[in-house]
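Visitor: In UniProt numbering, the protein residues as written are 1 to 385.
Ideal placement from N, C-alpha and C gives every residue a C-beta, glycine not left out.
None of the values given here were measured: they were computed from a predicted structure.
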Amino acid sequence: MDLLVVGSGFFGLTIAERVANELDLKVVVIDRRDHIGGNAYSEAEPETGIEVHRYGAHLFHTSNPSVWEYVNRFTTFTNYVHKVYTNHGGEIFPLPFNLHTINQFFRSAHGPASARELIAEQASELTPGEAANLEEKAISLIGRPLYEAFVRDYTAKQWQTDPTELPAEVISRLPVRYTYDNRYFNDTWEGLPTDGYTAWIERMADHPNIEVRLSTDFFDESQPLNKAALVGRVPIIYTGPIDRYFDFAEGELGWRTLDFEQEVLPTGDYQGTTVMNYADSEVPYTRIHEFRHFHPERDDYPTDKTVIMREFSRFAERGDEPYYPVNTPEDRARLLAYRELGKAEEGVFFGGRLGTYQYLDMHMAIGSALSMYENKLKPALGTDA
Ligand code: UDP
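1) Applying the criterion that 16 or more other CB atoms from any shown protein chain within 10 Å of the CB defines a buried residue, is residue 158 buried or exposed?
2) Can you give me the C-alpha to C-alpha distance between residue 218 and residue 318, rounded to a whole angstrom?
3) Here's a check: name, in chain order, each residue in its chain whose Cβ is nearer than 6 Å to the Cβ of residue 298, leaving out the five neighbours to either side.
4) Where in the region 325-381 do unbroken runs of the alpha helix (DSSP H), each at least 4 residues long, occur, reported from the N-terminal end onward?
5) Around the C-beta of residue 205, are 16 or more other C-beta atoms found within 10 angstroms, so that it is buried, or is it exposed?
6) Report the option in 35, 50, 18, 28 whose CA atom is closest to the CA atom of residue 196.
7) Assuming residue 254 contacts residue 306 under a Cβ cut-off of 8 Å, what Cβ separation, rounded to an integer in Å, is found between them?
8) Hey, quick one: how far does the beta strand (DSSP E) through residue 125 stretch, first residue to last?
9) So what does DSSP say about residue 11, is it helix, strand or coil?
10) Look at residue 70 and residue 370 and say whether their C-beta atoms are less than 8 Å apart.
11) Please confirm whether residue 40 and residue 364 have their CB atoms less than 8 Å apart.
12) Classify residue 59 as buried or exposed, calling it buried when 16 or more other Cβ atoms lie within 10 Å of its own Cβ.
13) Who are the Cβ neighbours of residue 94 in its own chain at under 6 Å, not counting the five residues just before and after it?
14) Using the Cα positions of residue 37 and residue 271, report the straight-line distance between them to the nearest angstrom.
15) Grab me the residues of residue 189's own chain with a C-beta within less than 6 Å of its C-beta, minus the 5 sequence neighbours each way, in chain order.
16) If you reduce the DSSP assignment to three classes, tell me which class residue 271 lands in.
17) For residue 262, write down the residues that DSSP places opposite it in a beta bridge.
18) Quick one, which of 139, 118, 117 has its alpha-carbon nearest residue 126's?
19) For residue 278, name the three-state secondary structure that DSSP assigns.
20) Taking residue 310 and residue 288 to be in contact with their CB atoms under 8 Å, please state how far apart those CB atoms are, rounded to whole angstroms.
21) Among residues of its own chain, excluding the 5 on either side of residue 259, which ones have a beta-carbon nearer than 6 Å to its beta-carbon?
22) Please list the segments of the beta strand (DSSP E) lying wholly inside the region 157-215, counting only runs of 3 or more residues, in order along the chain.
23) Under 8 Å, do residue 6 and residue 210 count as touching if we go by C-beta distance?
24) So, residue 12 versus residue 239, is the Cβ gap smaller than 8 Å?
25) Would you check if the distance between the CB atom of residue 366 and the CB atom of residue 10 is smaller than 8 Å?
26) Using only the alpha-carbon positions, how far apart do residue 81 and residue 184 sit?
27) If you reduce the DSSP assignment to three classes, tell me which class residue 290 lands in.
28) Can you tell me which of 358, 212, 192, 23 puts its alpha carbon nearest to the alpha carbon of residue 74?
29) Is residue 171 close to the ligand UDP? I mean its beta-carbon at under 7 Å from any heavy atom of the ligand.
30) Compute the distance between the beta-carbons of residue 360 and residue 352, then report whether it is under 8 Å.
31) Does the ligand UDP have even one heavy atom less than 7 Å from the beta-carbon of residue 78?
32) Report all residues from its chain with a CB closer than 7 Å to the CB of residue 54; omit the five preceding and five following residues, and keep chain order.
33) Looking at the secondary structure, which residues open and close the alpha helix (DSSP H) in which residue 69 lies?
34) Looking at residue 260 and the ligand UDP, is the gap between the Cβ and the nearest heavy atom below 7 Å?
35) Need the endpoints of the alpha helix (DSSP H) that residue 100 sits in, please.
36) Considering residue 146, what are the terminal residues of the alpha helix (DSSP H) in which it resides?
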């Protein structure tokens, strides 16, 4: 083995594929789970055959030409365009915030200019340029009434943290548009892998130089591919939680986890769309996914059954799956301490969402793996190849 990759998500598999394919070196990929692909993994629900994203909906989008070119080596993409609606007060509004949302909410017929004036007026309580936290950022973008209707309670359900204590960047993910365009993402390319995420992921790992070992825990010393046995002996790409790697020496990093309740319903269509958010605090879940709508082009889905998944959000306890970094100031300080420890760890490269404690979308994980490969691994491993 020339390289050990810990974790078979997009970051780990991109590195594995590049090193195996371009440098012609032997790579072993291990994963604690019994399947590859990390949280992008999907599988056919057995009763209906409908592709379900086991760890929550994954929508592929990117504006990075190198990433787009790279992913197209392994899969084609459908022309799916992500759109999200939200239920507030028993009424359905389109997201992200656009002229339709504004006009429906205020029962008005504003054009772009007068809608901008209205929102500016409703954000006038803020000092311009000052948006120190999520609440202020949201109010500056959409005004107080829309903030209270669509953001305040949803965000509280998602983060269980006062919006004044959350970073402004969280809401910056959500565009605000003074047009009727309600595409959720702004990116140049968007779509879903034509024959599913797992087929895509398996093709990345399908190389004679790559060996994947599942149900193999890097910290389990009863199996040979463990940390104590291999650090310093073989280069390692580690994509698990960075605090776990150092045995939580600097304290635990905060994560939010998700709980999913999946149900097969005896109807061909439950909600008419892929994702419905629930903005109000009375409803305990944040959103409902209906998976058939991710692939309207598939004609082998049953017409009398559908699969839905309710999503609940909470702070992760140790042992829960980490999904989103909470990123409080204490977390940032711990992360910096872990980064210092990481630098001193010869021959170990930390990457991916868990390894860097960053909210990376799939295209970002792949993009950062491609950069790490070009800038660090290729110079380090390529010479003696
Ligand atoms: N958000 C909100 N209301 C919504 C959707 C999103 O307030 O109906 C805010 C919320 O603070 C959330 C952020 O926007 O954390 C990003 O939302 P997104 O849907 O992009 O999160 P993801 O799908 O990545 O969980």
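Guide: Let me spell this out:
1) buried
2) 17 Å
3) none
4) 329-343, 352-356, 362-372
5) buried
6) 50
7) Residue 254 to residue 306, Cβ: 35 Å. No contact.
8) Taken as a continuous stretch (DSSP letters only), residue 125 belongs to no beta strand (DSSP E), as it is neither H nor E.
9) helix
10) yes
11) no
12) buried
13) 85, 100, 101, 182
14) 28 Å
15) 62, 68
16) coil
17) 309
18) 139
19) strand
20) 5 Å
21) 312
22) 189-191, 210-213
23) no
24) yes
25) yes
26) 8 Å
27) strand
28) 192
29) yes
30) yes
31) no
32) 41, 42, 43
33) 65-71
34) no
35) 99-106
36) 134-146
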